[in-house]
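Taking it in order: structure first as structure tokens, then the write-up.
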Amino acid sequence: MKPILLILLCPLLSLTAFGQARQGQNCPIVSQRTAVNATSNGDNTIIASDASRKIFVWQWFLVNSHASQDENITLKEGSTSISGAYLLKAGGGSHTAICTGTPWAIVPKGSAFILN
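Read in order, the letters of the sequence shown correspond to residues 106 to 221 in our numbering.
Here it is, written out as structure tokens:
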């Protein structure tokens, strides 16, 4: 099993947990910002599930801090993939999804937002 050295940087990862989606409007003012340092293969829960609320993902920034190993990162809702694999090249390869006013993902009630 290869280690994944991945950092989601807090200032650019804006996950609005438990808000209301507002299509075509500006990014939400109140959001949950999360930093994650994943150093192993497998699922890494970013926002835990809540049976009564949806999770709206407005933006994220992923960077691979591993010096010599490329990584593939997939975003998931519970056990279901909600993205294809994002290839992050070794030594700082990154992927950014900026806030457009429309959520990049809406995770249903009872599912967690997961990075794999």
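Positions of the beta carbon are idealized from the N, C-alpha and C atoms, including for glycine.
*Are the beta-carbon atoms belonging to residue 153 and residue 175 less than 8 Å from one another?*
Inclusion of residue 153 and residue 175 in the CB contact set at 8 Å is not warranted, their separation being larger than that value.
*DSSP three-state call for residue 171: helix, strand or coil?*
coil
_Is the beta carbon of residue 151 closer than 8 Å to that of residue 219?_
yes
*Check the C-beta distance from residue 213 over to residue 162 and give it rounded, since I have them as a contact under 8 Å.*
About 12 Å; that fails the 8 Å criterion.
*Bridge partners of residue 209, per DSSP?*
Bridge partners of residue 209: none, in fact.
_Is it buried or exposed, residue 143, if we count other Cβ atoms within 10 angstroms and call 16 or more buried?_
Classified as buried, residue 143 has 16 or more neighbouring CB atoms from the shown chains inside 10 Å of its CB.
*With distances taken Cα to Cα, identify the nearest neighbour of residue 148 among 179, 167 and 165.*
179
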